[in-house]
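What follows is a set of notes on a single structure, which appears directly below.
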Amino acid sequence: MREARGTRQVAEDALAWVCAHRAQFALGEDALAADGQVNRSWKPLGELAQVCATVSRHTAPPDPLHTCATDLMAFAWQQTDGGELFVRLQRLEPFATYPLEVYAAMAAAGLRHPGYEAATATVARTRGWRLTEQEPTRRLGVLNAETRSGIRESDAMPQALRRTWLAGLPEPWTFEESSGYSLTHVVFHLTDWGRAGPDGVPPDLADYLTDWLPPWLDTCLDAGMWDLGCELLAVAASLPLLPELAVLQDAWARIAAVQHPSGAVPERGSGADHDSGPDFFTHYHPTLMAAFAATLTTGRLDDAARADTHQRPGGQGVLG
1 MREARGTRQV
11 AEDALAWVCA
21 HRAQFALGED
31 ALAADGQVNR
41 SWKPLGELAQ
51 VCATVSRHTA
61 PPDPLHTCAT
71 DLMAFAWQQT
81 DGGELFVRLQ
91 RLEPFATYPL
101 EVYAAMAAAG
111 LRHPGYEAAT
121 ATVARTRGWR
131 LTEQEPTRRL
141 GVLNAETRSG
151 IRESDAMPQA
161 LRRTWLAGLP
171 EPWTFEESSG
181 YSLTHVVFHL
191 TDWGRAGPDG
201 VPPDLADYLT
211 DWLPPWLDTC
221 LDAGMWDLGC
231 ELLAVAASLP
241 LLPELAVLQD
251 AWARIAAVQH
261 PSGAVPERGS
271 GADHDSGPDF
281 FTHYHPTLMA
291 AFAATLTTGR
301 LDDAARADTH
311 QRPGGQGVLG
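Residue numbers (UniProt numbering): 1 to 320.
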């Protein structure tokens, strides 16, 4: 399919830029420092692992995207000294959740450290851990991380979900940037970042998003909000019913138009910085999200094409 190939190209170019800049995802000497900048060290590394876990899950081993994603995941795991840094972080900040959230992304790809899991499970059994006050979306993320890491199974997801902006089915005109990021992450946690499939989204939320995500996406892209636009496209690819093909074609054409020749995608604006080259910290996240959303979209379009072929009279396949 021509549209699927175009989306696939966005993913290939985006992940190529990430591979070329992998050194900038490396943890520095301040990774364990009390005053270290988590948002410029552990956060980028965790987001790299999160996206690569999904890309590798949705691609086959001979696929260059799969090879690149698994290589990047191995790099990310190496940065944690095979999980040893998580153990040290847990001792320094036993009630911090970000180490578990980063670890969970790597555990999703089969990279495990039993010692860290045992130590964190002990802390997770305390009232202090369970009763820490968190925003509902963040709470969903922590609960999902606990499950992914084998720390503990919880029945608290539905309760946490119902406290989110999205679960309230708010008036569509109240959508804004902050609520947009909130709703995308709710869907990411419900679908385990695209690994569990669209069945994780409750029917009422899926119906609501089917109606309103296309105009929200169009609004964000009109405003040059490429990072949020890519996240919304990842949500679109995680719903039981995909948006109309014309909506996806238009959205991906606009993303492709602002993608730098190197593969980087800007957070917002025109992205016209070809002379100086893309700045890492303003481009790495939207570029990861472009690779993430494009991989999910390509997979769904390919699945739809195969289903259409199988349903045609005289077609060959599982129904042929």
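By construction, the Cβ of each residue, glycine as well, lies at the ideal position given by its N, Cα and C atoms.
Per the Cβ contact rule, the region 156-175 is in contact with the region 196-210 (3 or more Cβ pairs under 8 Å). In this structure the region 31-49 touches the region 282-290; the number of beta carbon pairs closer than 8 Å is three or more.
Where H189 is concerned, the enclosing alpha helix (DSSP H) starts and stops at 177-190. Annotated three-state conformation of A121 is helix, per DSSP.
In this structure G229 is buried. Its beta-carbon is surrounded by 16 or more other beta-carbon atoms within 10 angstroms.
Each residue's CA atom was taken as its position, placing A236 and P243 some 7 Å apart. Cβ contact annotation for G194 (same chain, cutoff 6 Å, sequence separation greater than five): T54, S238, L296, in chain order. Across the structure, P278 and P266 are spaced so that their CA atoms are roughly 8 Å apart. F25 counts as buried, since no fewer than 16 other beta carbons sit within 10 angstroms of its beta carbon. The region 83-100 makes no contact with the region 57-74; the number of CB pairs closer than 8 Å stays below 3. According to the DSSP assignment, L140 belongs to the alpha helix (DSSP H) that extends over 136-148.
Considering only G150, L143, R138, the residue with the shortest C-alpha distance to W165 is R138. Annotation: the continuous alpha helix (DSSP H) that includes P214 extends over 203-222. Shown here, I151 sits in coil according to DSSP, grouped into three states, outside any helix or strand.
In the three-state DSSP reduction, L241 falls in the coil class, being neither helix nor strand. The criterion of a C-beta distance shorter than 7 Å is not satisfied by H185 and N144. Where H66 is concerned, the enclosing alpha helix (DSSP H) starts and stops at 64-79. Burial check for P61: the Cβ neighbour count within 10 Å stays below 16, so the residue is exposed.
Non-local beta-carbon contacts of A156 in its own chain, meaning distances under 7 Å to residues more than five positions away in sequence, involve L143 in chain order. Distances from the alpha-carbon of L32 to those of T80, P215, A234 put T80 closest. The C-beta separation of S270 from G224 comes to about 7 Å, placing the pair in contact by the 8 Å criterion. Leaving aside the five residues that flank Y181 on each side, the residues in its chain whose CB is nearer than 8 Å to its CB run, in chain order, L228, E231. A294 and L140 have their C-alpha atoms spaced approximately 24 Å apart.
Within 10 angstroms of the beta-carbon of P214 lie 16 or more other beta-carbons, which makes it buried. Measuring C-alpha to C-alpha distances from S179 to each of S149, T147, W216 identifies W216 as the nearest. By the criterion of a C-beta distance shorter than 8 Å, L241 is surrounded in its chain by A206, T210, once the five residues flanking it on both sides are discounted. Distance from the Cα of T219 is smallest, within the candidate group P172, V10, A196, Y116, for P172.
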